[in-house]
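**Q** Handing you this structure, nothing more for now.
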Amino acid sequence: MSLVSNNKLPETLTTSQSQQCTEDDKNQTYNYLDLFKRQNSDCEQVGKFQNRPENLVYDLSQPVSEPFQASPDSNPAMNDFFLLNQGNPSRPYNSALAITGQSTPAAKVTRNPLPLLSNSEMDLLKGTAKGINGFSVSLLPKLKSNETPNIIVCPQGQISVLASLAEGAAHDTQEQFSKSIKLGGTPFRQLTEHLTSYFSSQTISKTGIASINFFVAPTDTHFNPSYISKMMRYPNTLCYSFADTGSTPTDSTLINAINQEVGNRTEGKVLEALSDDMLSDSDITIGNVCCFLGFWEIPFKAINWTFNFTSNEKNEIPMLRSKGKHLDYALNINGWSVCKIPYQGCFEMLIAKPNVQSKQPFSADVLQAFTDNANYKQDDDFILIMPKFAVEAEVDLLPALKDSALKSLFDSNADYSAMTQSGNVTVSKFVQKTLFIVNEKGSFGQSVTGMIMSKGASKPTDSIIIDAPFVFAIKDKQTGLLLYIGMIDRPIAPTAEQEALIC
Numbered sequence: 001m002s003l004v005s006n007n008k009l010p011e012t013l014t015t016s017q018s019q020q021c022t023e024d025d026k027n028q029t030y031n032y033l034d035l036f037k038r039q040n041s042d043c044e045q046v047g048k049f050q051n052r053p054e055n056l057v058y059d060l061s062q063p064v065s066e067p068f069q070a071s072p073d074s075n076p077a078m079n080d081f082f083l084l085n086q087g088n089p090s091r092p093y094n095s096a097l098a099i100t101g102q103s104t105p106a107a108k109v110t111r112n113p114l115p116l117l118s119n120s121e122m123d124l125l126k127g128t129a130k131g132i133n134g135f136s137v138s139l140l141p142k143l144k145s146n147e148t149p150n151i152i153v154c155p156q157g158q159i160s161v162l163a164s165l166a167e168g169a170a171h172d173t174q175e176q177f178s179k180s181i182k183l184g185g186t187p188f189r190q191l192t193e194h195l196t197s198y199f200s201s202q203t204i205s206k207t208g209i210a211s212i213n214f215f216v217a218p219t220d221t222h223f224n225p226s227y228i229s230k231m232m233r234y235p236n237t238l239c240y241s242f243a244d245t246g247s248t249p250t251d252s253t254l255i256n257a258i259n260q261e262v263g264n265r266t267e268g269k270v271l272e273a274l275s276d277d278m279l280s281d282s283d284i285t286i287g288n289v290c291c292f293l294g295f296w297e298i299p300f301k302a303i304n305w306t307f308n309f310t311s312n313e314k315n316e317i318p319m320l321r322s323k324g325k326h327l328d329y330a331l332n333i334n335g336w337s338v339c340k341i342p343y344q345g346c347f348e349m350l351i352a353k354p355n356v357q358s359k360q361p362f363s364a365d366v367l368q369a370f371t372d373n374a375n376y377k378q379d380d381d382f383i384l385i386m387p388k389f390a391v392e393a394e395v396d397l398l399p400a401l402k403d404s405a406l407k408s409l410f411d412s413n414a415d416y417s418a419m420t421q422s423g424n425v426t427v428s429k430f431v432q433k434t435l436f437i438v439n440e441k442g443s444f445g446q447s448v449t450g451m452i453m454s455k456g457a458s459k460p461t462d463s464i465i466i467d468a469p470f471v472f473a474i475k476d477k478q479t480g481l482l483l484y485i486g487m488i489d490r491p492i493a494p495t496a497e498q499e500a501l502i503c
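Under my numbering, the sequence shown has 128 at position 128, and the numbering climbs by one with no breaks.
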């Protein structure tokens, strides 16, 4: 089963079938070619798809770009690095990119149609997302954030890197991985392939998400061609491998090139995906960038309100207030008060705080109850008050993963020969850096997940006032996958510079 149908295409495509919906798409139906041209209006090749929209292969007479400029300390072989663009050359954020040692002056470019999802495929994605959400929440109690009491992680980024790792596993490690996590009886790696396709095809334009995977082998380590071929099937994939050239660019050159490419694909929202510490002493770096931009369906009003940091500490902080039937809420789900706040398009925020007498900790079961629409109601007079905040955290995921169902992937005997033949490699670092900002207009989130492999109150109407430590999550409404999960003890108001990202 594939998310992409290369044979029979429906005459029409409804919003529920489309890979990414927006506010403009709601309640509309498009002819397939009309929708294709709408989403690719800046592509000179679009006319060629009108007779054969299901697949097209064409040649480029010149490389699309040459990301590395020659420098006095660089090898002339650097001039042979070319961009293999598996997406639209005039829309680079829809493409995959490989930098290799090939010197062929032309590249084959394959265009696939929009991913069309059947009801059964969407049901499968929803089931997969449910399992992934539970796995990510189970890691939360084991995580510690650097220099902050607040925790935020990006399940989508975690699963993207783990899926890439799964593709590189071989023999006993592959078998152990398949047994570790099965969702509805289907192997984990098979299901994550569908989710990777789903999210990597999206863009950050207006309201949305950009998910970019990158693979770097800057030393004498070789990626197996079959492994990279699998990874390059996904849009928004960057691969940099220098083993065959006899020359390696300086770390700063490589870092700048990757960061510039990621910046282009996130419309300048994410400026640093790779840093010095992610390349230091590494043979292979596998990473994911998840960038989210969402505007509230109905903007909030800014107010000041008292927040109870502890039983003995209270302070007035910037807060947000909203009232109306657009908010779904529940006053008691397993001892928690919960509200769902819609963004424009296909995303929503879940925000919750434990009720005064509740002894139920946040868990995968509690989260699953939060996602059941039957638990919610609406009221024109319902009021939500919540903090205006920014949370930034760096989390080391490796200890928690070593204590999870996937622990066999992270021991010294793990076999990744399907990824590389360059000797025994193990996962030595698995870090996620996440920023999330909430204000009156909407939200912005960015997460960089990197893995290094190296050798060796009473009111007449209902209201929820988030005036004490709380949890929140950003959810894709189509699949149910959580893009971000945060646990906030001490909300901090965003800076003017941070708020400028929500535009």
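Just so it is clear, CB atoms sit at the ideal spot from N, CA and C, and this is done for glycine as well.
Note that this is a predicted model, so its numbers are computed, not measured.
On the premise that Val366 lies in contact with Leu350, defined as a C-beta separation below 8 Å, what is that separation, rounded to the nearest angstrom?
**A** Numbered from 1 along the sequence shown, position 350 holds the residue referred to as residue 350. Numbered from 1 along the sequence shown, position 366 holds the residue referred to as residue 366. Not confirmed; about 11 Å, so no contact.
**Q** Who are the Cβ neighbours of Tyr376 in its own chain at under 7 Å, not counting the five residues just before and after it?
**A** On the sequence shown, residue 376 is found 376 positions in, with the first residue counted as 1. Hits under 7 Å: Asp328, Tyr329, Ala330, Lys340.
**Q** Start and end of the alpha helix (DSSP H) containing Lys130?
**A** Along the sequence shown, one-based indexing puts residue 130 at 130. Unbroken alpha helix (DSSP H) run through Lys130: 119-139.
**Q** What's the gap between the Cα of Leu293 and the Cα of Pro342?
**A** Here residue 293 refers to the residue found at position 293 when the sequence shown is read from its first residue. Here residue 342 refers to the residue found at position 342 when the sequence shown is read from its first residue. Their backbone Cα atoms lie some 13 Å apart in a straight line.
**Q** Using alpha carbons as the reference points, say which of Ile466, His326, Val270, Asn224 lies closest to Pro354.
**A** Position 354 of the sequence shown, counted from the start, is the residue given in the question as residue 354. Ranking the options by Cα distance to Pro354, first place goes to Ile466.
**Q** Determine the contact status of Ile151 and Met451, defining contact as a CB-CB distance below 8 Å.
**A** The count along the sequence shown starts at 1 and reaches residue 151 at position 151. The count along the sequence shown starts at 1 and reaches residue 451 at position 451. Taking 8 Å as the Cβ cut-off, Ile151 and Met451 do not qualify as a contacting pair.
**Q** Could you spell out the range, first to last residue, of the beta strand (DSSP E) harbouring Gln432?
**A** The residue given as residue 432 occupies position 432 in the sequence shown. Taken as a continuous stretch (DSSP letters only), the beta strand (DSSP E) holding Gln432 covers 425-438.
**Q** Write down the C-beta distance between Lys441 and Phe295 rounded to the nearest angstrom, noting that I regard them as a contact closer than 8 Å.
**A** Numbered from its first residue, the sequence shown carries residue 441 at position 441. Numbered from its first residue, the sequence shown carries residue 295 at position 295. Lys441 to Phe295, Cβ: 6 Å. Contact.
**Q** Asp283: buried (16+ other C-beta within 10 angstroms of its C-beta) or exposed?
**A** Position 283 of the sequence shown, counted from the first residue, corresponds to residue 283. Asp283 comes out buried.
**Q** Please classify His171 as buried or exposed, where buried requires at least 16 neighbouring CB atoms within 10 angstroms.
**A** The residue labelled residue 171 in the question sits at position 171 within the sequence shown. By the neighbour-count criterion, in which 16 or more other beta carbons inside 10 Å mark a residue as buried, His171 falls on the exposed side.
**Q** With which residues is Ala330 paired in a DSSP beta bridge?
**A** Indexing the sequence shown from 1 puts residue 330 at position 330. Answer by DSSP bridge pairing, in chain order: Val338.
**Q** State the DSSP-derived secondary structure class of Ser443, mapped to helix, strand or coil.
**A** Residue 443 sits at position 443 when you count from the first residue of the sequence shown. Three-state result, Ser443: strand.
**Q** Indicate the three-state DSSP secondary structure (helix, strand or coil) for Thr449 in the structure shown.
**A** For the purposes of this step, residue 449 is taken as the residue at position 449 of the sequence shown. DSSP places Thr449 in strand when its eight states are reduced to three.
**Q** Count the other CB atoms, across all protein chains shown, that sit within 10 Å of the CB of Ser443; report buried if there are 16 or more and exposed otherwise.
**A** Within the sequence shown, numbered from 1, the residue matching residue 443 stands at position 443. It counts as buried.
**Q** Looking at the secondary structure, which residues open and close the alpha helix (DSSP H) in which Pro155 lies?
**A** Position 155 of the sequence shown holds residue 155. First-last of the alpha helix (DSSP H) with Pro155: 155-168.
**Q** List the DSSP bridge partners of Asp476.
**A** For the purposes of this step, residue 476 is identified with residue 476 of the sequence shown, where counting begins at 1. Under DSSP, Asp476 shares a beta bridge with Phe347.
**Q** In whole angstroms, what is the alpha-carbon distance linking Phe436 and Thr253?
**A** Counting from one through the sequence shown, the residue named residue 436 turns up at place 436. Counting from one through the sequence shown, the residue named residue 253 turns up at place 253. Roughly 29 Å between the two C-alpha positions.
**Q** Would you give the residue range spanned by the beta strand (DSSP E) that Ala217 belongs to?
**A** As a first step, residue 217 is located in the sequence shown; it is residue number 217 there, counting from the start. Taken as a continuous stretch (DSSP letters only), the beta strand (DSSP E) holding Ala217 covers 208-217.
**Q** Who are Gly294's beta bridge partners in DSSP?
**A** Taking the first residue of the sequence shown as position 1, residue 294 is located at position 294. Answer by DSSP bridge pairing, in chain order: Ser443.
**Q** Rounding to the nearest angstrom, what Cα-Cα distance links Lys26 and Ser160 in this structure?
**A** In the sequence shown, counting from the first residue as 1, residue 26 sits at position 26. In the sequence shown, counting from the first residue as 1, residue 160 sits at position 160. No answer about Lys26 holds up, because its pLDDT of 35 lies below 50 and its placement is not dependable.
**Q** Buried or exposed, going by whether 16 or more other CB atoms sit within 10 Å of the CB of Ser412?
**A** Looking up residue 412 in the sequence shown gives position 412. That one is exposed.
**Q** Any idea if Ile298 is buried or exposed, counting beta-carbon neighbours within 10 angstroms, 16 or more meaning buried?
**A** Counting from one through the sequence shown, the residue named residue 298 turns up at place 298. So Ile298 ends up on the exposed side.
**Q** Could you name the residues of the same chain whose beta carbon sits closer than 7 Å to that of Thr196, not counting the 5 residues immediately before and after it, in chain order?
**A** Here residue 196 is taken as the residue at index 196 of the sequence shown, counted from 1. Excluding sequence neighbours, Thr196 sits near Ser160, Ala163, Tyr234.
**Q** Within 10 Å of its beta-carbon, does Asn288 have 16 or more other beta-carbons around it, so buried, or fewer, so exposed?
**A** As a first step, residue 288 must be located in the sequence shown, where it is residue number 288. By the 10 Å Cβ count, Asn288 comes out buried.
**Q** Quick one: what's got a C-beta closer than 6 Å to Gln446's C-beta in the same chain, skipping five residues either side?
**A** Taking the sequence shown and counting its residues from 1, the one referred to as residue 446 is at position 446. Excluding positions up to five away in sequence, the list reads Val270, Cys291, Leu435.
**Q** Could you check whether Ile255 and Asn236 sit closer than 8 Å to each other, using their CB atoms as the reference points?
**A** As a working mapping, residue 236 is identified with position 236 in the sequence shown. As a working mapping, residue 255 is identified with position 255 in the sequence shown. No, Cβ-Cβ distance for Asn236 and Ile255 is not below 8 Å.
**Q** Between which residues of its own chain and Arg490 is the CB-CB distance below 7 Å, once the five residues before and five after are set aside?
**A** The count along the sequence shown starts at 1 and reaches residue 490 at position 490. Around Arg490: Pro149, Asn150, Phe309.
**Q** Tell me whether Ala418 sits in a helix, a strand or coil according to DSSP, three-state version.
**A** The count along the sequence shown starts at 1 and reaches residue 418 at position 418. Ala418: coil per DSSP, three-state reduction.
**Q** Contact criterion: CB-CB distance below 8 Å. Does Ile212 meet it with respect to chain B?
**A** This model lacks chain B altogether, as it is built from one protein chain only.
**Q** Measuring only the C-alpha atoms, how far is Ala393 from Leu139?
**A** Counting from one through the sequence shown, the residue named residue 393 turns up at place 393. Counting from one through the sequence shown, the residue named residue 139 turns up at place 139. Rounded to whole angstroms, Ala393 to Leu139 spans 15 Å at the Cα level.
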